[in-house]
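First residue of the sequence shown? That's 1 in full-length UniProt numbering, and the numbers climb one at a time after it. Just so it is clear, CB atoms sit at the ideal spot from N, CA and C, and this is done for glycine as well. What you are looking at is a predicted structure, and each value in this text was computed from that prediction instead of being measured.
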Amino acid sequence: MTSSQFPFPTLPRDFVLGAATSAAQIEGHAPGDGKGPSIWDAFCATPGKIKDGSDISVACDHIHRMPQDVERMQWLGLDAYRFSFAWPRVQPLGQGAWNETGLAFYDRLIDTLLAAGIAPHATLHHWDLPQALQDLVGGWQSRETSRYFADYAAEIARRFGDRLVTISTLNEPWCVATLGYEMGQFAPGLKSRKAAMQVSHHLLLGHGLAMSAMRAIGPRSQLGIVLNHTPAVAAEKTPSDLHAARIADGLDVRWYMDPLFRGAYPADAIEHLGDDAPRIESGDMAVIRQPLDFLGINLYTRNWVSTREPKIPAPAPHGFNDMGWEIVPEVLTQHLVRLTRDYMPPPMIITENGMANADVVDADGAVEDTPRVAYLQGHLDAVAKALAMGVDVRGYFYWSLLDNFEWDSGYAKRFGLFRVDYDTQARTPKASAHWYREFIANHKRSR
1 MTSSQFPFPT LPRDFVLGAA TSAAQIEGHA PGDGKGPSIW DAFCATPGKI KDGSDISVAC
61 DHIHRMPQDV ERMQWLGLDA YRFSFAWPRV QPLGQGAWNE TGLAFYDRLI DTLLAAGIAP
121 HATLHHWDLP QALQDLVGGW QSRETSRYFA DYAAEIARRF GDRLVTISTL NEPWCVATLG
181 YEMGQFAPGL KSRKAAMQVS HHLLLGHGLA MSAMRAIGPR SQLGIVLNHT PAVAAEKTPS
241 DLHAARIADG LDVRWYMDPL FRGAYPADAI EHLGDDAPRI ESGDMAVIRQ PLDFLGINLY
301 TRNWVSTREP KIPAPAPHGF NDMGWEIVPE VLTQHLVRLT RDYMPPPMII TENGMANADV
361 VDADGAVEDT PRVAYLQGHL DAVAKALAMG VDVRGYFYWS LLDNFEWDSG YAKRFGLFRV
421 DYDTQARTPK ASAHWYREFI ANHKRSR
């Protein structure tokens with residue numbers, strides 16, 4: 001894969017290039033290490049929830065292979081690595097006693113990254129809530145979980161805030177609330193819009209309480225949150241499509257951005273929800289609207305909104321990925337410009353962007369994932385265009401370092417720069433890994 005085929009975008013000298021993972025998707029379990037079960041362990045054990053019938057008991061076995069995986073990051077030349085703490089690994093019940101064995105794993109991971117010259121960026125909650133809290137109070141349906149989360153955040157900041165470059169409170173609260181509590185697609189598998197909207201509020205409340213608790217500790221880390229955005233685009237300029245796209249935007253982008261930056265939920269979304277709108281207590285919005293050091297944005301595709309029957313299909317000039325998501329790099333540029341215009345956010349980081357691709361393995365074992373290289377190059381170029389338009393973006397983390405457990409899809413969908421053979425746990429760098437490595441090396445030469 002050559003730079004002439006996929007030319008290297010030009011980014012600022014201090015722009016951070018990394019890759020990302022999450023605990024539940026790669027770590028696996030280590031018998032006897034004191035980790036408690038998460039809601040994803042329970043979800044996987046429920047027949048029919050995971051498409052291939054798999055679970056997260058082994059995943060990529062990162063818990064045992066972490067040093068070698070960091071060596072792979074070093075081979076790529078990564079500036080930074082984004083990972084998540086597994087809350088039930090460090091605090092099995094989600095409250096009370098800490099698991100020192102679990103905490104020691106992250107201590108080793110952080111030190112190993114620093115020794116390799118790779119900056120550690122951490123997320124506190126990437127969906128694997130302790131099952132004990134789900135059983136005790138109903139998980140994020142309860143305000144109690146928001147308070148427990150703040151206690152957890154403070155402990156992580158106290159122990160690791162001297163070495164973590166950034167700490168994100170939540171990863172993609174929309175997915176937790178909507179996919180987990182409304183659609184039943186993700187753990188814990190509930191199907192109630194009313195519950196989901198209350199969960200969304202408690203997640204944001206937990207974020208605000210956690211920010212205050214961490215600020216009181218005084219970590220060196222920059223503190224923020226990671227939101228997933230899927231910009232809604234009306235298929236036609238009809239009143240029906242425009243209204244539907246506006247509501248979709250209100251429940252996706254503005255539902256989380258407005259409380260964080262304006263101190264209120266969007267009025268049109270509240271009106272649309274009616275009786276399903278969340279209960280908000282006095283002072284909640286002030287707690288949520290905490291100053292952020294950075295804003296993490298995860299963006300993969302757009303939401304093509306058509307109210308016709310049959311619906312007008314998305315144009316997909318660049319095709320679709322293996323998840324069925326339309327590939328539209330230009331939307332990343334447009335959306336970053338929109339966020340800057342509408343919210344004047346702090347510096348932004350692209351904390352996730354990537355492509356699921358049905359990789360083709362050659363007879364010699366090489367993985368020629370040309371579509372992923374095109375996706376990667378196209379989206380990095382989209383970031384460069386946003387920067388040229390005055391957007392303050394400081395870094396890009398490809399999702400994901402490794403093929404991994406892709407939630408309800410199990411292990412069938414592959415996002416990784418490294419192909420994982422789940423039978424042997426062998427890792428093979430794909431063509432995209434080689435291209436990214438060359439791109440990073442070229443970028444470092446320009447510094």
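Query - Cβ-based neighbour list, residue 21, same chain, cut-off 6 Å, excluding 5 preceding and 5 following - result: Only residues of its own chain outside the window of five on either side were considered, and among them 83, 400, 401 have a CB closer than 6 Å to the CB of residue 21, listed in chain order.
Report task. With DSSP collapsed to three states, give me the class of residue 303. Result -> In this structure, residue 303 counts as strand in the three-state DSSP scheme.
Query raised in the report: Touch check for the stretch 203–218 and the stretch 139–148: three-plus C-beta pairs under 8 Å?
Result: They touch, by the three-pair rule.
Query raised in the report: For residue 125, which beta-bridge partners are listed by DSSP?
Result: Paired residue(s): 170.
Requested in this report: To the nearest angstrom, report how far apart residue 35 and residue 246 are at their CA atoms.
Outcome: The straight-line gap from Cα to Cα measures roughly 43 Å.
**Report entry** Through-space distance from residue 154 to residue 168, alpha-carbon basis
**Finding:** One C-alpha to the other measures close to 12 Å.
Report task. Please classify residue 277: does DSSP put it in a helix, a strand, or coil? Result -> In this structure, residue 277 counts as coil in the three-state DSSP scheme.
Query raised in the report: With a CB to CB cut of under 6 Å and the five nearest residues on each side skipped, what residues in its chain are close to residue 24?
Result: Closer than 6 Å at the Cβ level, and outside the excluded window around residue 24, lie 40, 56, 128.
Requested in this report: Pick out whichever of 428, 412, 411 has its Cα sitting closest to the Cα of residue 419.
Outcome: Nearest C-alpha to residue 419: 428.
Requested in this report: Please work out which residues of its chain come closer than 7 Å, Cβ to Cβ, to residue 384, disregarding the five sequence neighbours upstream and downstream, and give them in chain order.
Outcome: Taking C-beta separations shorter than 7 Å and ignoring five residues to either side along the sequence, the partners of residue 384 in its chain run 9, 10, 11, following chain order.
Requested in this report: Count the other CB atoms, across all protein chains shown, that sit within 10 Å of the CB of residue 360; report buried if there are 16 or more and exposed otherwise.
Outcome: By the neighbour-count criterion, in which a residue is buried when 16 or more other Cβ atoms sit within 10 angstroms of its Cβ, residue 360 is exposed.
Query raised in the report: How long is the line joining the alpha carbons of residue 29 and residue 240, rounded to whole angstroms?
Result: In a straight line, the C-alpha of residue 29 is about 49 Å away from that of residue 240.
Query raised in the report: Based on the DSSP output, what are the partners of residue 222 in its beta bridges?
Result: Note: residue 222 sits in a beta bridge opposite 166.
Requested in this report: Compute the distance between the beta-carbons of residue 158 and residue 225, then report whether it is under 8 Å.
Outcome: Taking 8 Å as the cut-off, the Cβ atoms of residue 158 and residue 225 do not count as close.
Query raised in the report: At what residues does the beta strand (DSSP E) containing residue 399 begin and finish?
Result: Element bounds for residue 399: 393–399.
Query raised in the report: Which partner residues does residue 294 have in the DSSP bridge list?
Result: Note: residue 294 sits in a beta bridge opposite 224.
Requested in this report: Evaluate contact between the stretch 293–300 and the stretch 263–281, counting only Cβ atoms and requiring at least three cross-stretch pairs below 8 Å.
Outcome: Touching, no, given that fewer than three Cβ pairs across the two stretches are closer than 8 Å.
**Report entry** Among 355, 381, 179, nearest to residue 432 - alpha-carbon criterion
**Finding:** Per the Cα distances, 355.
Query raised in the report: When you compare each of 180, 163, 293 to residue 212 by their alpha carbons, which one comes out closest?
Result: Ranked by Cα distance from residue 212, the first of 180, 163, 293 is 293.
**Report entry** Environment of residue 426 [buried if 16+ CB atoms lie within 10 Å]
**Finding:** Residue 426 comes out exposed.
Query - Residue range of the beta strand (DSSP E) that includes residue 421 - result: 418–421 is the span of the beta strand (DSSP E), which, as asked, contains residue 421.
Query raised in the report: Thinking just about the alpha-carbon of each residue, which of 43, 49, 72 is nearest to the one in residue 19?
Result: Nearest to residue 19 by alpha-carbon distance, out of 43, 49, 72, is 72.
Query raised in the report: Out of curiosity, what's the CA-to-CA distance linking residue 170 and residue 126?
Result: Straight-line Cα distance between these residues: approximately 6 Å.
Query raised in the report: In its own chain, which residues sit with a C-beta less than 6 Å from the C-beta of residue 194, not counting the 5 before and 5 after it?
Result: Result list for residue 194: 276, in chain order.
Query raised in the report: The beta strand (DSSP E) spanning residue 17 covers which residue range?
Result: Annotation: the continuous beta strand (DSSP E) that includes residue 17 extends over 16–20.
Requested in this report: Output yes or no for whether 8 Å exceeds the beta carbon distance between residue 87 and residue 120.
Outcome: No, these two residues do not count as a Cβ contact at 8 Å.
Query raised in the report: Any idea what DSSP makes of residue 248, helix, strand or coil?
Result: Of the three classes helix, strand and coil, the one that applies to residue 248 here is helix, per DSSP.
Query raised in the report: How about residue 382 and residue 330: do their beta carbons lie closer than 8 Å?
Result: Cβ distance < 8 Å, so residue 382 and residue 330 count as in contact.
Report task. Could you spell out where the alpha helix (DSSP H) holding residue 72 opens and where it closes? Result -> In this chain, the alpha helix (DSSP H) harbouring residue 72 covers 62–76.
Requested in this report: Could you spell out where the alpha helix (DSSP H) holding residue 428 opens and where it closes?
Outcome: Not the alpha helix (DSSP H): residue 428 falls in the beta strand (DSSP E), residues 426–429.
Report task. Starting from residue 351, trace the beta strand (DSSP E) both ways and give me its first and last residue. Result -> For residue 351, the enclosing beta strand (DSSP E) stretches over residues 348–352.
Query raised in the report: Buried or exposed: where does residue 220 fall if 16 or more other Cβ atoms within 10 Å of its Cβ makes it buried?
Result: So residue 220 ends up on the exposed side.
Report task. Tell whether a beta-carbon distance below 8 Å holds between residue 114 and residue 66. Result -> 8 Å or more divides the Cβ of residue 114 from the Cβ of residue 66.
Query raised in the report: Looking at the structure shown, is residue 406 part of a helix, part of a strand, or coil, going by DSSP?
Result: Residue 406: coil per DSSP, three-state reduction.
Report task. Ignore the nearest five residues each way along the sequence and tell me which others in residue 318's own chain have a CB closer than 6 Å to its CB. Result -> Closer than 6 Å at the Cβ level, and outside the excluded window around residue 318, lie 327.
Requested in this report: Compute the Euclidean distance between the alpha carbons of residue 44 and residue 54, then round it to the nearest angstrom.
Outcome: Cα to Cα, residue 44 sits roughly 7 Å from residue 54.
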